[in-house]
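*Asks:* My questions all concern the structure below.
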Amino acid sequence: MKGVAARYPVYDAPSKKLINLEGRINECRRKFMKAPVLGYETDELLGLSIYVRAQSRGLPVKVRVDGPAKPFFEKGRAFFYGRRGQLSMSCAHCHEKYAGKRYRSMTLSQGQTNGFPSHRLTWRKPGSLHRRFQTCSRLVRSEPFPAGSDELIDLELYLAWRGQGLLVETPSVRR
Ligand code: HEC
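In structure tokens, the structure reads:
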């Protein structure tokens, strides 16, 4: 499993879709183990995801955004720069334009994903990257996309590419 998480999400030829690590784990369970698919934010799936990702700790993030992955990557980029919610703000406003500035009591980061799933003190437990996306969506008062949705997996690929070369740090600890 070493190195696997560092290259996800990947294009999955059989389904012609972009698939993230959580999706791959569930696909393996369904297809090869005839085991039930695990719900996105369940402790079981979070645990497996953290365990598999931890095998890549210290390895650089390196995702493919060319070939069949390209259209998904472009959608992820458009999502990142698109304004949404009642505040009409994009991810880029907080994590690019205002990165380093204060938001409430926090310093805005570049919104990197190499530490996820991450233990957030506010959550009092580890949570998925998609849960973080949903939290950020609510900050701008927009209706979040469901965890595991195609939209959030495209966004995940775009952010992995932005953080290309950063080392996998899972599981990180955040406020
Ligand atoms: C109103 C400002 C705001 C917007 C807009 C926003 N975020 Fe965030 N985001 C935050 C804050 C505050 C945090 C916690 C502090 C930090 O890590 O930046 C955070 C954290 C994150 C993190 C975790 C970083 C880490 O190291 O733990 C990710 C990933 C992230 N945001 C992605 C996104 C994405 C993707 C979008 C667009 C859908 C988005 N954010 C929109 C404010 C925002």
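Position one of the sequence shown corresponds to residue 37 (our numbering), numbered consecutively onward.
Beta carbons are placed, not taken as given, at the ideal position from N, Cα and C, and that holds for glycine.
Which residues bound the beta strand (DSSP E) around His129?
*Replies:* Segment: none, His129 is in no beta strand (DSSP E) and carries neither H nor E.
*Asks:* Of all the options Lys161, Lys98, Glu110 and Arg65, which has the alpha carbon lying nearest to the alpha carbon of Asp186?
*Replies:* The shortest C-alpha separation from Asp186 is found at Glu110.
*Asks:* From what residue to what residue does the beta strand (DSSP E) around Arg210 run?
*Replies:* Element bounds for Arg210: Ser208 to Arg210.
*Asks:* Residues in its own chain within less than 6 Å of Ile61 by CB, not counting five upstream and five downstream?
*Replies:* Taken in chain order, the residues that qualify are Leu84.
*Asks:* Whole beta strand (DSSP E) runs in the segment 44-74 with 3 or more residues, listed along the chain?
*Replies:* Segments of the beta strand (DSSP E) lying fully in the segment 44-74: 46-48 and 53-55.
*Asks:* Excluding the 5 residues preceding and the 5 following Trp197 in the sequence, name in chain order all residues of the same chain whose CB lies nearer than 7 Å to its CB.
*Replies:* Here the set comprises Val99, Val101 and Phe109.
*Asks:* Taking 6 Å as the limit between beta carbons, can you name the residues of its chain near Leu188, skipping five residues before and five after?
*Replies:* Closer than 6 Å at Cβ, skipping near neighbours: His166, Phe169 and Phe181.
*Asks:* Is there contact here, the segment 116-131 with the segment 85-99, by at least three beta-carbon pairs under 8 Å?
*Replies:* With a cut-off of 8 Å, the segment 85-99 and the segment 116-131 do not count as touching, because too few Cβ pairs lie within range.
*Asks:* Would Pro107 and Tyr47 be called neighbours here (beta carbons separated by less than 7 Å)?
*Replies:* No, the pair does not count as a contact, with Cβ atoms beyond the cut-off.
*Asks:* Since His131 and Gly118 should fall inside the 8 Å C-beta cutoff, what is the C-beta to C-beta distance between them, to a whole number of angstroms?
*Replies:* Their Cβ separation, rounded to whole angstroms, is 13 Å, which puts His131 and Gly118 out of contact at 8 Å.
*Asks:* Can Thr206 and Arg89 be called in contact, C-beta distance under 7 Å?
*Replies:* In this structure, Arg89 lies closer than 7 Å to Thr206 by Cβ.
*Asks:* Inspect the beta-carbon positions of Leu57 and Ala41 and report whether they are closer than 7 Å.
*Replies:* Contact: yes.
*Asks:* If we call anything under 7 Å between Cβ atoms a contact, is Thr112 one with Leu203?
*Replies:* The displayed chain sequence assigns Gly, not Thr, to residue 112. Contact: no.
*Asks:* Run through the segment 152-193 for me and flag every whole beta strand (DSSP E) of 3 or more residues, listed as ranges in chain order.
*Replies:* The segment 152-193 contains these whole beta strand (DSSP E) runs: 154-156 and 161-163.
*Asks:* Would Ser178 and Arg140 be called neighbours here (beta carbons separated by less than 7 Å)?
*Replies:* No, Cβ-Cβ distance for Ser178 and Arg140 is not below 7 Å.
*Asks:* Should Cys130 be listed as close to ligand 1, given that the test is whether its C-beta is under 6 Å from any heavy atom?
*Replies:* Yes, Cβ of Cys130 sits closer than 6 Å to a heavy atom of ligand 1.
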